[in-house]
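**Q**
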Amino acid sequence: MKLQHIIESQQFTVPMLSELFRLTEEMERIVTRGGTRDYSNKIMASLFYGNSTRTRFSFESAMLRLGGKVITTEQAQRFSSDMTGEMLEDTIRVVENYCDVIVLRHDEIGGAARAAKISRVPVINAGDGKGGQHPTQALLDLYTIYKEIKTIEGVKVAMVGNLAEGRTVRSLAYLLGKFERVKIYFVAPPELQMRQDIVDYLTHHNVWFTFESDLGKVLREVDVVYMTRLESTSQGEVPNTAQHSYFIDDSMMCLLPQHSIVMHPLPRLNEISPAVDSDPRSAYFRQTKNGIFVRMALLVSVLD
Amino acid sequence: MKLQHIIESQQFTVPMLSELFRLTEEMERIVTRGGTRDYSNKIMASLFYGNSTRTRFSFESAMLRLGGKVITTEQAQRFSSDMTGEMLEDTIRVVENYCDVIVLRHDEIGGAARAAKISRVPVINAGDGKGGQHPTQALLDLYTIYKEIKTIEGVKVAMVGNLAEGRTVRSLAYLLGKFERVKIYFVAPPELQMRQDIVDYLTHHNVWFTFESDLGKVLREVDVVYMTRLESTSQGEVPNTAQHSYFIDDSMMCLLPQHSIVMHPLPRLNEISPAVDSDPRSAYFRQTKNGIFVRMALLVSVLD
Amino acid sequence: MKLQHIIESQQFTVPMLSELFRLTEEMERIVTRGGTRDYSNKIMASLFYGNSTRTRFSFESAMLRLGGKVITTEQAQRFSSDMTGEMLEDTIRVVENYCDVIVLRHDEIGGAARAAKISRVPVINAGDGKGGQHPTQALLDLYTIYKEIKTIEGVKVAMVGNLAEGRTVRSLAYLLGKFERVKIYFVAPPELQMRQDIVDYLTHHNVWFTFESDLGKVLREVDVVYMTRLESTSQGEVPNTAQHSYFIDDSMMCLLPQHSIVMHPLPRLNEISPAVDSDPRSAYFRQTKNGIFVRMALLVSVLD
C-alpha cells in the first residue's frame, strides 16, 4: 500500500484498512523482537502549531523505531523571530526541503489538506483544529477494536461523553460506518449528543445506532465502551449529577461482559476511576501502545 | 578546508568560497543519491536564544543528513530553572562538554565571537542580534547566485526593501564586494537605503553600485533581484504607496530577463505575489534547499 | 550492576558506588576513543516539567553517545492541548509505551518515586522539586571527588553557600556520610546553615563535621571546596557584606592547597570570580563533563 498523504479518515477504504492492519501487525512483531527497519536516511519533521506531546512523542517514537530521524518543533507558529503569520503554504515549501515526511498539527480545520496540496513530500495530519480531523487517532482506535475483539464487522460500540464536540468519536463513527452489521450506542446528555452530519452518514450507510443518556443501561450489551471527557473546553463544567451517568467505576465494570473492553483517547479527567486500571478489560493504555505500531505502518506507507 | 569557527562573512576569502562551493556541490550529490557521511559519533548542539525554526531545522537536517546527531533548545536563555542570566561564556563551557559543534543563535551582536573565543569545540554563528551577522545565510545566498547564474564575477544584483536594517542584504553586499566586476542596485525608499559603512566598503573595493527607488526601472538590467521585507520590526508599517514600488508580481516579472532569478531570505510578507511562485525564475524555495547543502559543507569543514 | 530505577541517593551502597565508578571510567574511555555502545534500538524519553537545559542536554548527550535515541519535551505540564493537570501516573503509563527509559524532571517532591511505582520502563530522577532529590547530580559530584582526589575515604570537604536550601549539598553530604573518615566543613551564614536532618544523619554515621561562617578560615585545611549560590530564590538578595565571606577569588585561591579543587554545580552567580577559571584547581567545568560519563553508566545500568 503506497499512500501519498494521510489527511482524513474518509480516504481509507475497507481493503486499505485491512492492509494497514496487516502492516501494523508486522510493525508490532518487529518492535517486539527489538528489530528495526532501514530508514536511516529518512527525516521526519514534526511541525506542531501547539503542544500535543502525546501525539508528537508517538509519531517520533514510531519514526525512531523504524530507524529514521526526527526534527521537531511545538512552536511552529513562531517559525521566524522576525515576524508571525507566515502563510502555512510558505512554511511547507521551506520545510519540505529539510525532510522526507511532514507530520503536521495545525490549529485550523483544513490546514493539513492545504499543506498536502502543495507539498512535494508526504504530509500526515496529526490533528487540524478542534472540529477537524485526527485520522491517525481514529485508525489506532479502530485497530485496537480489531486487535482486542478480533473483528470489526458486527461489533457493538458505546460512545460516551461529549459526542457533539468529540473529534475522536466523530472520526471513529465514520470509520465504523464502513463495516457490516456494526451497532453504535451514543451515550450522552441530550445537549451533547452526536451531531446530525454523522447521524445522516450512518443512516445513509444503514448502520444501526441509538441514543441513550444512561451508560448503565447499555453496558451489558456492548463489546466496546469508548469513553471521552464530558467537559467541553468551550462550554465549561458539566453538573456533577450529569457526570455520574457517564462515569466508569468498579460497579459499572460489573455490568460489562468479560470479553468487552473500555477505551479512552486520553487524557482522562474523571470519566474512568483509576481503580479500574488494573482490570484486564481496561484497554486504554494498550490503545496508546497500538498508536506506535499504526503510525509506524502509516510512515512506511508514505515513505516506501 | 579546515575551519575552526564560523563567525562572520568577512572570514571567507574568494579561494575559500570556491572550495566551500565545491564541497557544497559534493554534499548535494550525496543527498541526491540518498547517501550520507559517517558522522555517527558526532553531536551538534543547537543553542538558540529565541525561536528561529527555519534556521534551526536547516542546520539539524544538515547534521542528520551527514549521519550525525543533535541536541536542541530554542530557550537557551532559560538554561537553568534556578536562575536566569548566566554568562554566555559559562553556558558555552558547559555545552562544549556535551557536543562536538555548537550552532549558536544569540540575541546580542558579537555573541558568537565571544563564544568562539573560549569554546574548545567549533562554534557556528546562526545569527547574533538584529544588526549582527548571519554568515551561513549570506553563504547560501551567494551559493544560490553561483549555482543559478553560473558565475559570481560580473553579476548584476538588485537588492530591494529595507536595506538599512536588513542583515541579509548587508552580509551579501559584503561577500559580493570580494568578486570582480559585480554591479549592485540598491532599491529602497531614501530613508531605508543602504547604510554608509557598506557604501564605504564597496567604494573602497571599487564595486559599482547605484541607488534607486523604483524597482521597475532596474529589473531589465539585472541577473538577480534580491527581495526583502520593507516593514521594519522597529519602525512599524510602511505606507502602502511605498510598498507598490518594492513588490514583485506577474507584470514585474515581464520586465525581468529570462535568465534572471528572484531571491528572498524568507519569510515573505507581501513583497512577492504567490502568483509568481510557479515561475521558474522564482528561486527563493531553491535558495532554502541550498541552505541544507551549504550547512552540510560548513559542518564538514569544522568537524573534519 | 542492574538497577531498576534511579530515584534517590540513598539507594546506592558503597559497593554499588564502586561498581558505578568503574563503569563510569569505562564510559569515559569509550567516548575518548570516539567509540559508542550498541543501544541503537533504545529510546530515552526526556520528560521535563520545566526548563533545565543543562541537565536535559547532559542526559541526551549521554544517550546519544551510547548510540541510543531520544524524544524530548521541556513542557511536559502541557502534555495535551485539550487540558492541563493530567495525573503524572497517566502520563507515565502513556510515555512508557514510547520509550525504553524515562528521564523525569518533576516539580513536586516525590514525583519520581510515584512514577517509578507504576512504570514498566526504568525511571531516572532528574530532579523533583526544590527540596527533593537530584541523585545523578550527587553521583557526578562524588565521582568528581573520586577522580580528582583519587579517594573518597578521608576526604575533607568544605560546603559553602545557602546550605539550608541547597539540594546538591544536601545530597552530597548524604553520600559522603557513607564513607570512612570523611570531614565536612559547613560554611554558611547562621540562618542558611545545614539543616537538622542532615546533621542528625551525619552524627548517626559518626561523620566529623563543623560549622563555620568564614570561608577563609577553612581553605587551608580542605581537599574540596564545594561552592553554591548564596542567594535563595525564595528569600531574595543576601547583603553584600555576607557575600564577601563566601566568594572565591585569586586571593582566596592562594590559601587553597595545591592538590585541592573547587567545585560548583553551576550556574554560578558571583560566588567564583571568572579570573579563577584558568586555575587548574578549578574543577567545575570538568565536573560538568563527568556528568556525561556518570549518566552514560547509569543509563547502561538500567537498560542492560
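Protein chains in written order, with numbering that gives the first Met the number 0: chain A, 0 to 303; chain B, 0 to 303; chain C, 0 to 303. The beta-carbon is built from N, C-alpha and C at its ideal position, and this holds for glycine as well. What you are looking at is a predicted structure, and each value in this text was computed from that prediction instead of being measured.
(1) Of all the options D276(A), I6(A), H258(A) and E88(A), which has the alpha carbon lying nearest to the alpha carbon of E147(A)?
(2) Using a C-beta to C-beta distance shorter than 8 Å, which residues of chain F count as neighbours of I42(B)?
(3) Which stretch, first to last residue, makes up the beta strand (DSSP E) that contains A44(B)?
(4) Distance cutoff 7 Å, beta carbons only. Does F47(B) sit that close to anything in chain C?
(5) Take the Cβ of C98(C) as the centre, count every other Cβ of all protein chains shown within 10 Å, and call the residue buried at 16 or more, exposed below.
(6) Identify, in the order they occur along the chain, each residue of the same chain with its Cβ nearer than 6 Å to the Cβ of G235(B), setting aside the five sequence neighbours on each side.
(7) Can you give the beta carbon distance from L218(B) to M193(B), rounded, assuming they're within the 8 Å contact cut?
(8) Taking all protein chains shown into account, do 16 or more other C-beta atoms lie within 10 angstroms of the C-beta of E95(A), making it buried, or fewer, making it exposed?
(9) I want to verify the contact list: residues of chain A whose CB lies under 7 Å from the CB of I123(B), in sequence order.
(10) Please determine, among K41(B), N124(B), R77(B) and F20(B), the residue with the shortest C-alpha to C-alpha distance to A112(B).
(11) Would you list the residues sitting across from E211(B) in a DSSP beta bridge?
(12) What residue from M262(B), G126(B) and Y145(B) has the CA that sits closest to R53(B)'s CA?
(13) For P266(C), decide whether its Cβ has a neighbour in chain B, counting only Cβ atoms nearer than 7 Å.
(14) Just checking: is the beta-carbon of T72(B) within a distance shorter than 7 Å of some beta-carbon in chain C?
(15) For the putative contact between L46(C) and M295(C), defined by C-beta atoms under 8 Å, what is the C-beta separation to the nearest angstrom?
(16) In chain B, what lies closer than 9 Å to R180(A) by C-beta?
(17) Say whether chain A places a C-beta atom closer than 7 Å to the C-beta of F78(C).
(18) Just to confirm before moving on: does the CB-CB distance between M43(B) and V100(B) stay below 7 Å?
(19) Just the C-alpha distance for L255(B) and A172(B), rounded to the nearest angstrom, thanks.
(20) Determine, using beta carbons only, whether G235(C) comes closer than 7 Å to chain A.
(21) Does DSSP put T150(B) in a helix, in a strand, or in coil?
(22) If I measure Cβ to Cβ from D213(A) and keep anything under 7 Å in the same chain, skipping five residues before and after, which residues do I get?
(23) Does any residue of chain A have a CB that is nearer than 7 Å to the CB of G131(B)?
(24) Starting from L298(A), trace the alpha helix (DSSP H) in both directions and tell me its first and last residue.
(25) Alpha carbon to alpha carbon, what distance is there between S272(B) and E230(B)?
(26) Of all Cβ atoms in chain A, is any one closer than 7 Å to the Cβ of V102(C)?
(27) Nearest-angstrom Cα distance between Q10(B) and S60(A)?
(28) Using the C-alpha atoms, what's the distance from E24(C) back to V221(A)?
(29) Taking 7 Å as the threshold (beta carbon to beta carbon), is R92(C) in contact with chain A?
(30) Taking buried to mean at least 16 other C-beta atoms within 10 Å of its own C-beta, is S233(C) buried or exposed?
(31) Could you give the C-beta distance for M226(A) and E179(A), rounded to a whole number, given that I count them as a contact under 8 Å?
(32) Say whether chain C places a C-beta atom closer than 7 Å to the C-beta of N161(B).
(33) Would you call H204(C) buried or exposed, if buried means 16 or more other Cβ atoms sit within 10 Å of its Cβ?
(34) In chain C, what lies closer than 7 Å to E85(B) by C-beta?
(35) Looking at chain C, is there any beta carbon in it that lies within less than 7 Å of the beta carbon of Y173(B)?
(36) Of all Cβ atoms in chain A, is any one closer than 7 Å to the Cβ of Y97(C)?
**A** The answer reads as follows:
(1) H258(A)
(2) Looking at the structure shown, chain F is missing, and the protein chains on hand are A, B and C.
(3) I42 to F47
(4) no
(5) buried
(6) With a pLDDT of only 49 at G235(B), under 50, the local geometry of the prediction cannot be trusted, and the value read off the model is given with reservation. So no residue of the chain qualifies.
(7) Not quite, the Cβ-Cβ distance comes to about 19 Å (not below 8 Å), so this is no contact.
(8) buried
(9) Neighbours of I123(B) on chain A: none; closest Cβ ~17 Å, over 7 Å.
(10) N124(B)
(11) V186(B)
(12) G126(B)
(13) yes
(14) yes
(15) Rounded, the Cβ-Cβ distance is 19 Å, inconsistent with contact.
(16) Near R180(A) there are no residues of chain B at all, since even the closest Cβ is about 47 Å away, more than 9 Å.
(17) yes
(18) yes
(19) 21 Å
(20) Residue confidence for G235(C) is low, a pLDDT of 49 falling below 50, so the modelled location carries little weight; the figure read from the coordinates is stated next. Chain A contact via Cβ: absent.
(21) coil
(22) S244
(23) no
(24) Y283 to L302
(25) 16 Å
(26) no
(27) 41 Å
(28) 59 Å
(29) yes
(30) A caution first: S233(C) carries a pLDDT of 47, below 50, which makes its placement in the model unreliable, though a value can still be read off. Counting Cβ neighbours within 10 Å, S233(C) comes out exposed, since fewer than 16 surround it.
(31) Not confirmed; about 25 Å, so no contact.
(32) no
(33) exposed
(34) P266
(35) no
(36) yes
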